[in-house]
Amino acid sequence: MENFAFQGLIGLSLAMYLWLISAGLTIIFGVLRIVNFAHGSLFMVGAYLAYTFYGQMGLPFGVAIVLSLLGTGLLGFAMERGFLSRIYGVDEAYQLLLTFGFILILDDAVKIIWGGVFRIPPIPPFLDGAWPVFGRSFPVYNAFVIAVGLLVAVILWALFEKTWWGRIVRATASDREMANAIGVNVPRVFSGVFVFGAMLAALGGAIGIPVRSVAPGIGSAMIIQAFIITVIGGLGNLKGAFVSSLIVGVLSAYGTLYFPVFELFFIFVIMAVVLLIRPQGLFAR
Amino acid sequence: MTGRLSPRATILVALLTSALFLLPWVAGKYPVYLAIQILILAVFSIGFNLLFGYTGLLSFGQAGFFAVGAYGCAKILLAVPNLFLGIAGGVAAAGVAAFLLGILSVRHTRIYFSMLTLAFGMMIYSVAWKWRDYTGGDDGLVGIPRAPLEIPGLVTISMAAMEHYYYVVLVLSLAAILAMYRLVRSPLGLTLQAIRDSETRAAFAGVPVQKYRLFAFTIAGLYAGLAGALLPPLENTVTPPIAHWSTSAEPVLATLLGGIHTFSGPIVGAFLFFVIKDVVMRFTEYWLICFGIIVVAMVMGFPSGIMSIFENRKRPAVPPDADRAAKAANASAKK
């Protein structure tokens, strides 16, 4: 029983990485109506930048994360302004293909710049150690990740529900033409949202480096998980993405412990069943 | 859009076909091996493009059917060393899988269809990866024989030489391409294009839209299965990555390179895919970044692909989405 509860906590910290990457994916889809295939690659770039600033240059962990967010945000800005914004008018299949092209470029670019090997920088001293939980020792770092994830959830909720900026974004998401007509600068909102989403992915990647390691394949692995979550939660539904991150995170923590053979298969079964029965997501109003 | 090729195109196709038949006499082992890979990808891609270019459905799960074809063929060849039986069995298995999963998949279109096919493809991937007893897990199946082509009571042709196997692949690929050419120009093929251009209009004209989509899905699955089934006798091994979604991307890349709304596009694209890969790999191992740049460049500047320059068609690069406005209104009403 204690094992079970402990594994649930491990799943909760896994869920937070999933939440950070799916939050960005969901916001971008909700506003721009683009499924950003390259979102996993932004997660990966965030991780590598944080590794460079923290693991290689020796900057403080917090500073490294902020710099990684800025760098990835800049990359997101270039992707949206330079490429995506020019093809909003065409069939959505081409937007998918374009972001797929970005995956290929970023995956190899990362290998060229940082090499193909696994890297794992040390846990920052103030987050090292473990607490006794359920008779086992629970790493402080996992608690830190859970705290960051929950904090981001609260900030996002406040941002979208309570601020003027959030109202503008929600207006653009529900009807971009009407928003344009009442004077919203829609292209600027699109850029802002894309950059914001990219930074959320980068945050997920950056805080994962001391425990999940940095390697070229982490982006492609994450994007599929993020797709599963956004589908279960409903494409464009932020609250749904949060709840389904928790579900998928905790389920796969139990899955790897109790049914390692079927874990992957069943997650895709859940995804397909949701798409077939409730394509608007489990948590749609 | 007439059914006949122009005289120039006829001569070109005849020349190319004879060049393919002469290839083993004039080239070494490596070009023949490369040609087999190109033909396999060409078959895979024209099937994919029936679904994407002609029917308007972008599938990310075609690798699943490719893998069913490959694993099916491999399993049969390991039990009964008969090439014909192996390939036919692989194709049949992929066709059945595509029909069954197609019934569910064609209930959606657009991004939901893409996501659903991705989920189904990855389910097949996880079966290939985890069901160790049957699929060999991440080691895959090894030691698959390139079994002789046997027609009982008539002939037995050894496949020990790769050139012999090349002719099997060539004949099957050409037959598959010809069949697809006839299909897309038949009333059936035209109906698929009508559905792509406007689902509402086609449904109004009395077309059972879902049945036609299921038909296209099954045919695309059969082609993916044939492509997959031709692989194990060549490589003597199959491994789970062939079912992964990144394999589904190969026909997407080939089709995009050659051209979506042209018949020859995916075939030319398959050729370009391997030639570019081969050339780039001589200089650097990072060939994917080159493909990424090509994809971005194609989408931005040349969305209708290389072959649109040659195939004289009066079709806009992007299918006119007549009911986009209606769908947008629908989507915002749902919120």
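The listed protein sequences correspond, in order, to chains A and B. Under the working numbering, think of the first position of the first sequence as 345, with each following residue one higher. Under the working numbering, think of the first position of the second sequence as 10, with each following residue one higher. Glycine residues also receive a C-beta, built at the ideal position from the N, C-alpha and C atoms.
- With a threshold of 16 other beta carbon atoms within 10 Å, Phe603/A falls short and is exposed.
- Listed in chain order, the non-local C-beta contacts of Leu601/A below 7 Å within the same chain comprise Gln351, local neighbours out to five positions each way being set aside.
- Ranked by Cα distance from Ala391/A, the options Leu376/A, Val492/A, Ile409/A and Phe504/A are led by Ile409/A.
- In this structure, DSSP gives Phe470/A a helical state, which the three-state scheme calls helix.
- Assignment of Ser255/B by DSSP, reduced to helix, strand and coil, places it in the helix class.
- With respect to the 9 Å criterion, Ile576/A and Gly625/A are classified as neighbours on the basis of their beta carbons.
- DSSP places Glu159/B outside any alpha helix (DSSP H); the residue lies instead in the beta strand (DSSP E), whose first and last residues are Leu158 to Ile160.
- Between Val533/A and Ala523/A, the C-beta spacing is below 9 Å.
- Around the Cβ of Glu259/B, a 10 Å sphere holds 16 or more other Cβ atoms; the residue is buried.
- Among the CB atoms of chain A, none fall inside 9 Å of the CB of His270/B.
- Restricting attention to beta strand (DSSP E) runs no shorter than 3 residues, the stretch 428 to 506 of chain A encloses them at 474 to 477 and 480 to 483, ordered along the chain.
- Interface residue (Cβ-Cβ distance to chain A less than 9 Å): Leu109/B is not classified as such.
- Within the stretch 79 to 114 of chain B, not a single complete beta strand (DSSP E) segment reaches 3 residues in length.
- Using a Cβ distance threshold of 9 Å, Met189/B and Phe612/A do not count as a contacting pair.
- In this structure, Ile365/A lies near Phe387/A, with their beta-carbon atoms less than 9 Å apart.
- Annotation: Cβ neighbours of Val605/A in chain B (cutoff 7 Å, chain order): Lys139.
- Distance from the CA of Thr516/A to the CA of Gly552/A, rounded to the nearest whole angstrom, comes to 32 Å.
- Between the C-alpha atoms of Val100/B and Trp363/A there is a straight-line separation of about 40 Å.
- The DSSP assignment places 240 to 244 and 254 to 267 as complete runs of the alpha helix (DSSP H) inside the stretch 224 to 284 of chain B, in order along the chain (cut-off: 4 residues).
- For Phe226/B, the closest alpha carbon among the candidates Asn245/B, Arg116/B and Glu244/B is that of Arg116/B.
- In terms of Cβ geometry, Gln71/B and Ala233/B form a close pair [threshold 9 Å].
- Under the three-state reduction of DSSP, Val289/B is assigned to helix.
- When DSSP reads this structure, Ile621/A sits in no beta bridge, so it has no partner.
- Using a CB distance below 9 Å, the part of the stretch 360 to 386 of chain A facing chain B consists of Phe373, Arg377 and Val379, ordered along the chain.
- DSSP lists Glu159/B as the beta-bridge partner residues of Thr165/B.
- In the three-state DSSP reduction, Leu21/B falls in the helix class (H, G or I).
- Only residues of its own chain outside the window of five on either side were considered, and among them Tyr395, Tyr398, Gly399, Ile553 and Pro554 have a CB closer than 7 Å to the CB of Pro465/A, listed in chain order.
- The three-state secondary structure of Leu626/A, taken from DSSP, is coil.
- CA-CA distance, Phe57/B to Ser195/B, rounds to 18 Å.
- Using a Cβ-Cβ cut-off of 9 Å, Arg622/A does not count as an interface residue toward chain B, since no Cβ of chain B sits closer than that to its own.
- In the DSSP secondary-structure assignment, Val151/B is bridged to Thr246/B.
- In the structure shown, Val558/A falls within a strand segment according to DSSP collapsed to helix, strand and coil.
- Note on geometry: alpha-carbon atoms of Phe482/A and Ile96/B lie some 53 Å from one another.
- Gly417/A carries a helical assignment under DSSP once its states are collapsed to helix, strand and coil.
- Legend: CB atoms of the stretch 577 to 607 of chain A lying less than 9 Å from CB atoms of chain B belong to residues Leu579, Gly580, Pro604, Val605, Phe606 and Glu607.
- Contact annotation, Val77/B with Ala51/B: C-beta distance approximately 19 Å; criterion of less than 8 Å not satisfied.
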